[in-house]
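Encoded as C-alpha cells, the structure appears first; notes follow it.
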Amino acid sequence: MFPKNSSIWKLECLGVRIPTSAVTIGIPNSDLNIYVIAKNAPQDKDIANACVCAHNEQHLRPSFGRIQINFGVFGLKDDNESFENDLETIVHEILHVLGFSGFQMQLWIDPDTGKYYGQYGLPKITRDVIIRGLKTSIVYSKNILLTARKYYNCPTMEGMQLENEGGSGSLGSHWEQLLVQNEMMMSSDVITDAQLSVHTIALLKDTGYFAEVNENMADNLYWGKGKGCSFVMEGCYSKQKFNEFPSERKIQCSFENDGYGEPTTTPFLDNCMMKNVDAVLEVYGFNSKCFTSTSANGVKFTNDSQRRCHQYQCSPDLRSITITFPQIKRQVICTKEGSVMQIVPNNDRYGKIACPSSFIQFCDSVPICMNHCSQVGVCVRGICSCLPGWGGIDCSVKLIGPDRSCQTNCPNGYYKHGNICQQCDAQCKRCNGGTANNCTACQFLTQLNRNGQCVPILN
Numbered sequence: 017m018f019p020k021n022s023s024i025w026k027l028e029c030l031g032v033r034i035p036t037s038a039v040t041i042g043i044p045n046s047d048l049n050i051y052v053i054a055k056n057a058p059q060d061k062d063i064a065n066a067c068v069c070a071h072n073e074q075h076l077r078p079s080f081g082r083i084q085i086n087f088g089v090f091g092l093k094d095d096n097e098s099f100e101n102d103l104e105t106i107v108h109e110i111l112h113v114l115g116f117s118g119f120q121m122q123l124w125i126d127p128d129t130g131k132y133y134g135q136y137g138l139p140k141i142t143r144d145v146i147i148r149g150l151k152t153s154i155v156y157s158k159n160i161l162l163t164a165r166k167y168y169n170c171p172t173m174e175g176m177q178l179e180n181e182g183g184s185g186s187l188g189s190h191w192e193q194l195l196v197q198n199e200m201m202m203s204s205d206v207i208t209d210a211q212l213s214v215h216t217i218a219l220l221k222d223t224g225y226f227a228e229v230n231e232n233m234a235d236n237l238y239w240g241k242g243k244g245c246s247f248v249m250e251g252c253y254s255k256q257k258f259n260e261f262p263s264e265r266k267i268q269c270s271f272e273n274d275g276y277g278e279p280t281t282t283p284f285l286d287n288c289m290m291k292n293v294d295a296v297l298e299v300y301g302f303n304s305k306c307f308t309s310t311s312a313n314g315v316k317f318t319n320d321s322q323r324r325c326h327q328y329q330c331s332p333d334l335r336s337i338t339i340t341f342p343q344i345k346r347q348v349i350c351t352k353e354g355s356v357m358q359i360v361p362n363n364d365r366y367g368k369i370a371c372p373s374s375f376i377q378f379c380d381s382v383p384i385c386m387n388h389c390s391q392v393g394v395c396v397r398g399i400c401s402c403l404p405g406w407g408g409i410d411c412s413v414k415l416i417g418p419d420r421s422c423q424t425n426c427p428n429g430y431y432k433h434g435n436i437c438q439q440c441d442a443q444c445k446r447c448n449g450g451t452a453n454n455c456t457a458c459q460f461l462t463q464l465n466r467n468g469q470c471v472p473i474l475n
C-alpha cells in the first residue's frame with residue numbers, strides 16, 4: 017500500500033501482476049482499477065479479502081486495488097437472495113479498497129494540509145484505548161466523531177470504536193460489532209440484510225478522496241441509536257438493560273424482527289449475547305416480520321417459542337400496524353405500542369399477539385427488497401434501484417427506455433417530476449426540486465433552514 021511512484025512499487029498487487037502500461041500510460045476512462053482473483057480454500061474461514069495497492073499522488077486517492085474471493089466458502093447458488101448476499105460481500109470488499117482499512121488511514125487526506133496524514137499524523141485521527149477491558153482502536157476524524165456522538169446520543173464519546181477481536185483481517189479494519197451489529201462494514205457476515213450506515217458514509221467523507229459522498233445511499237440503522245454512553249462503553253455489561261442484548265437463552269425475535277432464534281455469544285461482540293436468526297421469515301414473504309405471538313389454529317404446542325412470522329402492513333403515519341392471518345381470514349390492528357391482543361376477540365383458541373414496542377423502529381427499519389431486485393438491481397432503503405433497461409418494483413420488467421420513468425414513488429435523493437424521478441441537490445435527503453434551495457429533509461449532520469437549504473448543525 018504505497019504511492020504508485022514509490023521506489024517499492026513493483027507492479028505487483030498481492031498476487032496480481034499489473035501491466036506496465038497501466039501505470040505508465042494509464043487505463044482510459046478510469047480512476048480506480050480493481051483486479052479480482054480467486055482461490056479455492058474451504059479450510060479457510062475468510063469469504064473474501066481486499067487491499068489497496070497504490071495511490072495516485074496527483075489526485076491523492078486509491079488507483080489500484082485487489083479483491084480475492086474464496087470460492088471454497090463463497091456462496092454460488094443461483095437464486096436472488098444468494099446473489100444479493102454475494103453482492104453485499106463484494107461491496108464490503110470494495111469499501112476496503114476505497115479507504116476503510118486500518119493501515120490505509122495513514123493515506124487519508126489531512127484537511128489542514130491537503131496531504132496524507134502519514135504515520136506521524138495518525139494521532140490526529142486515531143489512537144488505542146482500553147474499553148471493556150480490551151485494547152481498542154478508536155477513530156475520531158471530524159465526520160466520524162460528529163456522526164457517532166449524535167447517533168448514539170453520547171456527547172462525550174471520544175471516537176468510533178474499531179473491531180478489537182479477530183486476526184489481522186478483522187482487527188482495526190471494521191467497525192466494532194458490538195456498536196453496529198447489522199452494518200455492512202462489521203467483520204462477520206450479516207445473516208439477513210447488511211446495512212450501509214451513516215457511520216461508513218462519514219468515514220468515506222473523512223478519507224478526503226472524494227469530492228462528494230452520496231449520503232442518500234445510507235440505510236436506516238437502529239442498533240444502539242440514541243442509547244447513550246453506557247451502551248457505547250459497556251454494552252451488555254451495563255447495569256442498564258438494552259434490547260439489543262438478550263439476558264436469557266430462549267428463542268426470541270431478532271433485533272430487526274426479520275427472524276428468530278436462540279441467542280448465542282460471539283467474540284466479535286466482546287462475548288455479549290446476540291439474538292441469532294435460525295429461521296428468516298418463517299412463512300417466507302417480503303411483507304412478513306417476527307412477532308411475539310402464540311397464534312394457533314386450535315392446536316396446542318409443546319415447548320412453544322411464542323415467536324411467529326406474520327404478514328404485516330404499517331400505516332403511512334406509522335401510528336398503526338395491521339397484522340394478517342390469512343389461514344383464518346383475520347386481521348389484528350395494533351394502535352398501542354406493546355399491547356397484547358387476542359387474534360380472535362373473546363376466543364383464546366387462536367392465541368394472542370404482542371404489538372411491537374416501537375412502531376417507528378419496527379416500520380422504519382430497512383425492508384427486504386422484493387425478490388432481492390431480481391439480480392439486476394441494488395436494494396437501497398428497501399427500494400430497488402434497477403440497472404438501465406430494467407424496471408418495476410423488483411426490477412423484473414424489461415424496459416425499452418432507461419429505468420427513470422413510470423415510478424410510483426421515488427427513493428431518497430430524488431423527487432417526482434411527472435412520472436420521472438429527478439435527482440435532488442446532493443445536500444438534500446428529500447426535496448421538491450433540483451436546487452439546493454428545494455430541500456425538504458436533510459442529511460444526518462445538517463438541518464433545514466427557512467430558505468429550504470440544509471446547513472451544518474451547530475454544536
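Residue numbering for the sequence shown is 17 to 475, as defined by my numbering.
Cβ coordinates follow ideal geometry from the N, Cα and C atoms, glycine included.
Source: prediction; values computed, not measured.
Taking C-alpha positions only, residue 97 is separated from residue 390 by approximately 9 Å. For residue 375, the three-state secondary structure derived from DSSP is helix.
About 6 Å separates the beta carbons of residue 357 and residue 368, which is inside the 8 Å limit, making them a contact pair. Here residue 180 carries a coil assignment [DSSP, helix/strand/coil]. Restricting attention to 239, 238, 214, 243, the CA atom closest to the CA of residue 229 is found in 214. With a contact defined as Cβ atoms closer than 8 Å, residue 371 and residue 337 qualify at about 7 Å. In this structure, 177 is the residue among 160, 177, 172, 92 with its C-alpha nearest to the C-alpha of residue 153. Residue state for residue 409 is assigned as coil, using DSSP reduced to three classes. By alpha-carbon distance to residue 321, the top candidate from 288, 292, 362, 267 is 267. Per DSSP, residue 157 is not a residue of any alpha helix (DSSP H), being assigned neither H nor E.
Linking residue 119 to residue 442 through their CA atoms gives a straight-line distance of about 30 Å. Annotation: residue 129 to residue 163 spans about 23 Å, alpha carbon to alpha carbon. In the displayed model, residue 219 falls within a helix according to three-state DSSP. DSSP places residue 210 outside both helix and strand once states are collapsed to three, so it counts as coil. The segment 174-189 makes contact with the segment 279-286, as at least three CB pairs between them are under 8 Å. Bounds of any alpha helix (DSSP H) do not take in residue 350; it lies within the beta strand (DSSP E) bounded by 346-350.
The straight-line gap separating the alpha-carbon atoms of residue 50 and residue 431 is approximately 33 Å. Burial state of residue 471 is exposed, judged by a 10 Å Cβ sphere holding fewer than 16 other Cβ atoms. Residue 197 counts as buried, since at least 16 other C-beta atoms from the protein chains shown sit within 10 angstroms of its C-beta.
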